[in-house]
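Novice:
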Amino acid sequence: MVTSTGNSGVGLALLLCTVLATGLDAQRIIPTNQVLITGYGTVGYGYQTQGENINAFTSSMNPIFLFQFQDRVLFEAEFEFALEGGVTETGLEYAQLDFIATDNLTFVGGKFLLPFGVFGDRLHPTWINKFSTAPPIYGHHVSAFGAEPLLPILADMGVMVRGVANAGRFNLGINMYAVQGPSIEGDPTEEVPELEFLASSGDGNTNKMLGGRLDIALPPWAELNLSYFNGDYDDQNVLDFTGWNVAGELRTSGFELRGEYIQTRQEIEQPAGFPTLVRQGFYSQVAYRIGAWEPVFRWTQVFDSKLDGTVTDQGAWQAGFGVDYWFSPSIAFMAGYELNREDDLEIDNDRIIVHIAFGF
Amino acid sequence: MKHSLFRIGPAWRAAVLAITVFPLTLAAQDVSLVRNGARVYGNMCGRCHNPRSPLEHTDRSWTMIVNHMRIRANLTGKQVRSVLAFLQASNTDPGERANPFGETPPVNGGAAPDTILSTDPQVIARGRTVVQEGACLGCHVVQGQGGAVGPSLDDVIKRKGVEFVMKKLADPTFDSATSMMPNFGLTRAQIRAVAAYLATLNGRWK
Numbered sequence: 000m001v002t003s004t005g006n007s008g009v010g011l012a013l014l015l016c017t018v019l020a021t022g023l024d025a026q027r028i029i030p031t032n033q034v035l036i037t038g039y040g041t042v043g044y045g046y047q048t049q050g051e052n053i054n055a056f057t058s059s060m061n062p063i064f065l066f067q068f069q070d071r072v073l074f075e076a077e078f079e080f081a082l083e084g085g086v087t088e089t090g091l092e093y094a095q096l097d098f099i100a101t102d103n104l105t106f107v108g109g110k111f112l113l114p115f116g117v118f119g120d121r122l123h124p125t126w127i128n129k130f131s132t133a134p135p136i137y138g139h140h141v142s143a144f145g146a147e148p149l150l151p152i153l154a155d156m157g158v159m160v161r162g163v164a165n166a167g168r169f170n171l172g173i174n175m176y177a178v179q180g181p182s183i184e185g186d187p188t189e190e191v192p193e194l195e196f197l198a199s200s201g202d203g204n205t206n207k208m209l210g211g212r213l214d215i216a217l218p219p220w221a222e223l224n225l226s227y228f229n230g231d232y233d234d235q236n237v238l239d240f241t242g243w244n245v246a247g248e249l250r251t252s253g254f255e256l257r258g259e260y261i262q263t264r265q266e267i268e269q270p271a272g273f274p275t276l277v278r279q280g281f282y283s284q285v286a287y288r289i290g291a292w293e294p295v296f297r298w299t300q301v302f303d304s305k306l307d308g309t310v311t312d313q314g315a316w317q318a319g320f321g322v323d324y325w326f327s328p329s330i331a332f333m334a335g336y337e338l339n340r341e342d343d344l345e346i347d348n349d350r351i352i353v354h355i356a357f358g359f
Numbered sequence: 000m001k002h003s004l005f006r007i008g009p010a011w012r013a014a015v016l017a018i019t020v021f022p023l024t025l026a027a028q029d030v031s032l033v034r035n036g037a038r039v040y041g042n043m044c045g046r047c048h049n050p051r052s053p054l055e056h057t058d059r060s061w062t063m064i065v066n067h068m069r070i071r072a073n074l075t076g077k078q079v080r081s082v083l084a085f086l087q088a089s090n091t092d093p094g095e096r097a098n099p100f101g102e103t104p105p106v107n108g109g110a111a112p113d114t115i116l117s118t119d120p121q122v123i124a125r126g127r128t129v130v131q132e133g134a135c136l137g138c139h140v141v142q143g144q145g146g147a148v149g150p151s152l153d154d155v156i157k158r159k160g161v162e163f164v165m166k167k168l169a170d171p172t173f174d175s176a177t178s179m180m181p182n183f184g185l186t187r188a189q190i191r192a193v194a195a196y197l198a199t200l201n202g203r204w205k
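Next comes the structure, spelled out in structure tokens:
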């Protein structure tokens, strides 16, 4: 449970960073005052034999707007336009103001992608994600996975400080943020309330979710990321929700291995006390570039959900086989086949997803 | 009366020396910045996605994109400036670029020269200058110096052959559409010189 002491700690950290930023003489970069539209688009087709009947073409576009004022202020926003059942869905993935205080320190405010793991804030654009679907531990677009995703791709309203430094051959980064946090979706009297992570201008309680990520990179060979957040999700500021993430990557010429482990802990209110629902899972992905071709294999596993040691939901796994063909550094044809299995059911949710991803 | 630098006053001597040395120092800094930028671009941007060709954007667009990526990829201000220097030095169409070595590049920029290696010491020395003063060392190792984004150039002639190396220098994307290597608009003479120099590194033509 986050206490007022925790919030005060982040406040002090933000104040300290502000003082440091004011005192440091950052070197200025090229001054500009302009607008740029970039982003990515995807056109694809999905086919699933059983379970949810999918046999459809898909199309989406994610424009990113960049507005820069002189050399220190950048406003960036990403929208998503996608067709769902004949209706054009729109979404605001992020809309954030970045204040580049010094060479090593940036302040961010608004709605931003939370630095929790690396898939959400770095890898989710379709031309960057080398598999044609998102890892199912993250809920992102339609998933045929047997288990509920552990978390959505997290984006929330709040403030963040990002600090970076070079230490020899290492690149270090630390991110700290305070955001609105999760709230209860639907009936709050359910035995295990469902949580929603919708960034909104309101907050379900007076508590802010606090979190951060530590990045240690040895470019181009390896990177390790440790992420954590904690906040209350009920309107009484009593029930705690915590997330952990460990992400890593290894690279050599043409070869790339990456993975993420997530654990969430959700306190539940019961007459006997406050037991904790623990959910955890991971994905691991390997890719190897051979000329313009890049075979990809991804393994995802979500373990049984347990409430104080008692299984509440069965786990599931997915094996994904894919191959990409790169027409240019940011345009690729991606074909993926998913084997989706739940641990205790004979359900075949296998599917094929192909698309062309275009980063522009 | 003979006029020489040593016969004028100390203040003039200092001024003449400063005027002579300053541009050289600046040029060395620029080369170092561009080379470092190439290394950072490959190392840091390549962690998550294929580094895109510098030719895809103008100087102004790259300024905004690099600032956008500064937040995503945890780049320092120093890294941002070097990456920008690299991208902005490499995003001119090879046919329109003012060649840093004072020669006119081929109009199409992609025609491979003949593959006869020169053993002329002057040509080899010239190739060494191009490699050492260009951005090659930002990504490639040459005799223990340089970045690790691309393969070592020490034995590249032995591994890939003269024709491949010359074609790669003339058109970096000829073998891979996703190559991040920029087209530096080298002249045919420079390409021949670079290949001749690289050939000496593995001892075959010493």
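Chains as they are written, first to last, in numbering that gives the first Met the number 0: chain A, 0 to 359; chain B, 0 to 205.
Ideal placement from N, C-alpha and C gives every residue a C-beta, glycine not left out.
1. Do you know whose CA, among A:327, A:285, A:311, lies nearest residue 318 of chain A's CA?
2. Determine, using beta carbons only, whether residue 154 of chain A comes closer than 8 Å to chain B.
3. Indicate whether at least one CB of chain A lies closer than 8 Å to the CB of residue 63 of chain B.
4. When you compare each of A:60, A:58, A:59, A:77 to residue 66 of chain A by their alpha carbons, which one comes out closest?
5. Show which residues of chain B have a CB atom less than 8 Å away from the CB atom of residue 210 of chain A.
6. Over the uninterrupted alpha helix (DSSP H) stretch that includes residue 199 of chain B, give me the two end residues.
7. Does any C-beta atom of chain B lie closer than 8 Å to the C-beta of residue 252 of chain A?
8. Does residue 171 of chain B get closer than 8 Å to chain A when you measure Cβ to Cβ?
9. Nearest to residue 197 of chain B by CA position, among B:140, B:41, B:170, B:181, is which residue?
10. What are the start and end residues of the beta strand (DSSP E) that includes residue 107 of chain A?
11. Is the beta carbon of residue 311 of chain A less than 8 Å from the beta carbon of residue 191 of chain A?
12. How would you label residue 193 of chain A, buried or exposed, when you count the other beta carbons within 10 angstroms and need 16 or more for buried?
13. Bridge partners for residue 332 of chain A per DSSP, in chain order?
14. Which residues bound the beta strand (DSSP E) around residue 220 of chain A?
15. Within a Cβ cutoff of 7 Å, which residues of the same chain sit near residue 27 of chain A, ignoring the five residues on either side of it in sequence?
16. Is there contact here, the region 280 to 298 of chain A with the region 324 to 337 of chain A, by at least three beta-carbon pairs under 8 Å?
17. Between residue 224 of chain A and residue 214 of chain A, how many whole angstroms is the CB-CB distance? I'm expecting something under 8 Å.
18. Taking 8 Å as the threshold (C-beta atoms), are residue 81 of chain B and residue 36 of chain B in contact?
19. Take residue 119 of chain A and list the residues in its own chain whose beta-carbon comes closer than 8 Å to its own, dropping the five residues that flank it on each side.
20. Quick check on the DSSP output: the beta strand (DSSP E) that includes residue 263 of chain A runs from which residue to which?
21. Would a check of beta-carbon distances place residue 157 of chain B closer than 8 Å to chain A?
22. Straight-line CA distance for residue 170 of chain B to residue 163 of chain B?
23. Could you please tell me which residues of the region 319 to 335 of chain A, in chain order, have their CB closer than 8 Å to any CB of chain B?
24. For residue 173 of chain B, name the three-state secondary structure that DSSP assigns.
25. Classify residue 202 of chain B: buried if its beta carbon has 16 or more other beta carbons within 10 angstroms, exposed otherwise.
26. Just the C-alpha distance for residue 283 of chain A and residue 37 of chain A, rounded to the nearest angstrom, thanks.
27. Between residue 181 of chain A and chain B, is the shortest Cβ-Cβ distance under 8 Å, so that the two count as touching?
28. Evaluate residue 63 of chain A with the Cβ neighbour count: other Cβ atoms within 10 Å of its Cβ, from every protein chain shown; 16 or more gives buried, anything less gives exposed.
29. Quick check: what's the CA-CA separation for residue 109 of chain B versus residue 166 of chain B?
30. Report, in whole angstroms, the separation of the C-beta atoms of residue 163 of chain A and residue 74 of chain B, which I expect to be a contact under 8 Å.
31. Residues bridged to residue 43 of chain A by DSSP?
32. May I ask you to report which of helix, strand or coil DSSP gives residue 156 of chain A?
33. For the region 266 to 278 of chain A against the region 301 to 308 of chain A, are there 3 or more C-beta pairs whose distance is under 8 Å?
34. Using the Cα positions of residue 229 of chain A and residue 160 of chain B, report the straight-line distance between them to the nearest angstrom.
35. Suppose you measure from the CA of residue 100 of chain A to the CA of residue 128 of chain A; what does that come to, to the nearest Å?
36. Just verifying my parser: in three-state terms, what is the DSSP assignment at residue 121 of chain B?
Specialist: Straight from the coordinates:
1. Numbered from its first residue, the first sequence carries residue 318 of chain A at position 319. Comparing Cα-Cα distances from residue 318 of chain A to each of A:327, A:285, A:311, the minimum goes to A:285.
2. The residue given as residue 154 of chain A occupies position 155 in the first sequence. Not closer than 8 Å to any Cβ of chain B, the Cβ of residue 154 of chain A fails to qualify, so no.
3. Sequence index remark: in the second sequence, residue 63 of chain B carries index 64 (1-based). Flagged as an interface residue toward chain A: residue 63 of chain B, by a C-beta distance shorter than 8 Å.
4. By one-based count along the first sequence, residue 66 of chain A stands at place 67. Distances from the CA of residue 66 of chain A to each of A:60, A:58, A:59, A:77 were compared; the closest alpha carbon is that of A:77.
5. Here residue 210 of chain A refers to the residue found at position 211 when the first sequence is read from its first residue. Within chain B, no residue comes near residue 210 of chain A; the closest Cβ sits about 16 Å away, beyond 8 Å.
6. Translated into positions along the second sequence, residue 199 of chain B becomes position 200. Taken as a continuous stretch (DSSP letters only), the alpha helix (DSSP H) holding residue 199 of chain B covers 187 to 200.
7. Translated into the one-based positions of the first sequence, residue 252 of chain A becomes position 253. Under the Cβ distance rule, residue 252 of chain A counts among the residues neighbouring chain B, one pair being separated by less than 8 Å.
8. Within the second sequence, numbered from 1, the residue matching residue 171 of chain B stands at position 172. The Cβ of residue 171 of chain B sits no closer than 8 Å to any Cβ of chain A.
9. Stepping through the second sequence from its first residue, residue 197 of chain B is reached at position 198. Nearest of B:140, B:41, B:170, B:181 to residue 197 of chain B, Cα basis: B:140.
10. Numbered from its first residue, the first sequence carries residue 107 of chain A at position 108. Where residue 107 of chain A is concerned, the enclosing beta strand (DSSP E) stretches over 104 to 112.
11. The sequence position of residue 311 of chain A within the first sequence is 312, counting from 1. The sequence position of residue 191 of chain A within the first sequence is 192, counting from 1. Contact check for residue 311 of chain A against residue 191 of chain A passes: the beta carbons are separated by less than 8 Å.
12. Locating residue 193 of chain A in the first sequence gives position 194, where the first residue counts as 1. When all chains shown are included, residue 193 of chain A counts as exposed.
13. Numbered from its first residue, the first sequence carries residue 332 of chain A at position 333. For residue 332 of chain A, which the question treats as bridged, DSSP gives the partners A:324, A:355.
14. On the first sequence, position 221 is the one that residue 220 of chain A refers to. Per DSSP, residue 220 of chain A belongs to no beta strand (DSSP E) and is neither H nor E.
15. Numbered from 1 along the first sequence, position 28 holds the residue referred to as residue 27 of chain A. Note that residue 27 of chain A scores 48 on pLDDT, short of 50, meaning its location in the model is unreliable; the coordinates nonetheless yield the value given after this. 70, listed in sequence order.
16. In short, these stretches touch, since the Cβ pair count reaches three.
17. Locating residue 224 of chain A in the first sequence gives position 225, where the first residue counts as 1. Locating residue 214 of chain A in the first sequence gives position 215, where the first residue counts as 1. With a Cβ gap of about 5 Å, residue 224 of chain A and residue 214 of chain A count as contacting.
18. As a working note, residue 36 of chain B is residue 37 in the second sequence. As a working note, residue 81 of chain B is residue 82 in the second sequence. Taking 8 Å as the cut-off, the beta carbon of residue 36 of chain B is found closer than this to the beta carbon of residue 81 of chain B.
19. Here residue 119 of chain A corresponds to residue number 120 of the first sequence, with the count starting at 1. Excluding sequence neighbours, residue 119 of chain A sits near 112, 113, 137, 152, 153, 154.
20. Within the first sequence, the letter at position 264 stands for residue 263 of chain A. In this chain, the beta strand (DSSP E) harbouring residue 263 of chain A covers 254 to 266.
21. Against the second sequence, residue 157 of chain B aligns to sequence position 158. Residue 157 of chain B is outside the set of residues whose beta carbon lies under 8 Å from a beta carbon in chain A.
22. Taking the first residue of the second sequence as 1, we reach residue 170 of chain B at position 171. Taking the first residue of the second sequence as 1, we reach residue 163 of chain B at position 164. Going from the Cα of residue 170 of chain B to the Cα of residue 163 of chain B covers about 10 Å.
23. Answer set for the region 319 to 335 of chain A: 325, 326, 327, 328, 329.
24. Numbered from its first residue, the second sequence carries residue 173 of chain B at position 174. If DSSP states are grouped into helix, strand and coil, residue 173 of chain B belongs with coil.
25. Taking the second sequence and counting its residues from 1, one reaches residue 202 of chain B at position 203. With a pLDDT of only 49 at residue 202 of chain B, under the threshold of 50, the placement of this residue in the model should not be trusted, and no figure is reported.
26. Here residue 283 of chain A is taken as the residue at index 284 of the first sequence, counted from 1. Here residue 37 of chain A is taken as the residue at index 38 of the first sequence, counted from 1. Those two C-alpha atoms are separated by around 29 Å.
27. Taking the first residue of the first sequence as position 1, residue 181 of chain A is located at position 182. With 8 Å as the cut-off, residue 181 of chain A does not count as an interface residue toward chain B.
28. Taking the first sequence and counting its residues from 1, the one referred to as residue 63 of chain A is at position 64. Under this definition residue 63 of chain A is a buried residue.
29. Here residue 109 of chain B corresponds to residue number 110 of the second sequence, with the count starting at 1. Here residue 166 of chain B corresponds to residue number 167 of the second sequence, with the count starting at 1. Reliability of the predicted coordinates at residue 109 of chain B is poor, the pLDDT of 46 falling under 50, and no value is obtained from them.
30. As a first step, residue 163 of chain A must be located in the first sequence, where it is residue number 164. As a first step, residue 74 of chain B must be located in the second sequence, where it is residue number 75. Right, their Cβ atoms sit about 7 Å apart.
31. For the purposes of this step, residue 43 of chain A is identified with residue 44 of the first sequence, where counting begins at 1. DSSP, once it has assigned bridges, lists A:57, A:354 as partnering residue 43 of chain A.
32. Reading the first sequence from its first residue, position 157 is the one you call residue 156 of chain A. DSSP places residue 156 of chain A in strand when its eight states are reduced to three.
33. Below 8 Å, enough C-beta pairs join the region 266 to 278 of chain A and the region 301 to 308 of chain A to call them touching: three or more.
34. By one-based count along the first sequence, residue 229 of chain A stands at place 230. By one-based count along the second sequence, residue 160 of chain B stands at place 161. Taking the straight line from one Cα to the other gives about 57 Å.
35. Indexing the first sequence from 1 puts residue 100 of chain A at position 101. Indexing the first sequence from 1 puts residue 128 of chain A at position 129. Their backbone Cα atoms lie some 31 Å apart in a straight line.
36. For the purposes of this step, residue 121 of chain B is identified with residue 122 of the second sequence, where counting begins at 1. The answer is helix: DSSP assigns residue 121 of chain B an H, G or I state.
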